[in-house]
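Scroll down for the structure; my scribbles are underneath it.
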Amino acid sequence: MQRRDFLATSALALTLPAAGQAQTADTPATGFWDLLRAGGCVVLMRHAVTVAGVGDPPGFRLDDCSSQRNLSDAGRQQARALGEAFQRERVQLAEVRSSAWCRCVDTAQLAFGRHTVWAPLNSFFQVGDRAAQTRAVLQGVAGVKAPANWMLVTHQVNMTALTGEFPASGEVFVTRFDPRQPERLRLLARQAF
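Going from the sequence shown to the numbering used here is simple: count from 1 and add 11.
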């Protein structure tokens, strides 16, 4: 690579957001916590770290946590750390909703001490209806306005369908519903815990 090409590429890289940071024209430099304190956010969280595996074992049942892939010790600590961070930063959540899967329920309970199971957040990796569930979430959060924030604890497939992005376990996306683009939540910031 010639020197001038290297310099041009380097200059361009300095102007782009770092990996893992989402920026938009509306909020070019606003931080993760600042967005949440302002409110009007739909906060998506992929459940905390689980024991090794993909999906759930054959024959798993939602009413039997022992039949599912569950949080690891590290995942339980990750969920607690998330809750402590939200308390420290004084971020209020009007709603905490969760998938019915035990790893999501446990994440919500450990982090926030409360949750309401909401079927549209259930995983559609092995069962479910991706289009209908995604549409139900989008319709359900369309009215979230400041100062309220909603926390939705769910799965990678659900978050990807809602945003087009791939979260790590325990990663949190700060999003907003944009009526000009009602088929997807607008990703504003993201952070792993």
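C-beta atoms are modelled at their ideal positions from N, C-alpha and C, and glycine is treated no differently.
Kindly list the residues whose CB is nearer than 6 Å to the CB of residue i, restricted to its own chain and excluding five residues on each side of it in sequence; keep chain order.
i	result
Gln192	none
Leu93	Ala122, Phe204
Could you round the C-beta distance between residue i and residue j to whole angstroms and report it? I think they count as a contact, below 8 Å.
i	j	result
Thr61	Arg99	Actually they do not touch by this definition, with Cβ atoms about 25 Å apart.
Ala157	Gly50	3 Å
Gly66	Phe136	5 Å
Thr145	Leu104	Incorrect: roughly 22 Å between the Cβ atoms, too far for contact.
So the candidates are the options; which of them puts its Cα closest to the Cα of residue i?
i	options	result
Phe204	Ala63, Gly51, Gln79, Arg91	Arg91
Ala154	Leu196, Ala172, Asn169	This sequence places Gly at residue 154; Ala is not what is there. For Gly154, the nearest C-alpha among the options comes from Leu196.
Ala63	Thr165, Arg72, Asn81	Asn81
His58	Thr174, Gly70, Val164	Val164
Glu211	Arg72, Gly175, Phe97	The requested residue 211 does not occur in the structure, where the chain is confined to residues 12 to 204.
Ala96	Leu47, Pro190, Asp140	Leu47
Pro190	Gly181, Ala200, Ser180, Gln150	Gln150
Met56	Leu73, Gly181, Phe71, Ala200	Gly181
Give me, in chain order, the residues of the same chain whose beta-carbon lies closer than 8 Å to that of residue i; leave out the 5 immediate sequence neighbours on both sides.
i	result
Thr171	Phe177, Pro178
Ser109	Cys115, Val116, Thr118, Ala119, His126, Thr127, Val128, Trp129, Leu132, Leu163, Val164, Thr165
Arg87	Ala59, Asp117, Leu121
Pro68	Ser78, Gln79, Arg80
If we call anything under 8 Å between Cβ atoms a contact, is residue i one with residue j?
i	j	result
Leu132	Asn169	yes
Arg125	Val148	no
Phe188	Val152	yes
Val183	Val102	no
Trp112	Gln79	yes
Phe43	Gln167	no
Val185	Cys52	yes
Among the residues of its own chain, which have a CB less than 7 Å from the CB of residue i, if the five just before and after it don't count?
i	result
Ser83	Val60, Thr61, Val62
Leu198	Ala33, Thr174, Glu176, Phe184, Thr186
Self-check item: alpha helix (DSSP H) runs contained entirely in the segment 72 to 126, provided each spans 4 or more residues
Solution: Within the segment 72 to 126, the complete alpha helix (DSSP H) runs of at least 4 residues fall at 84 to 99, 113 to 123.
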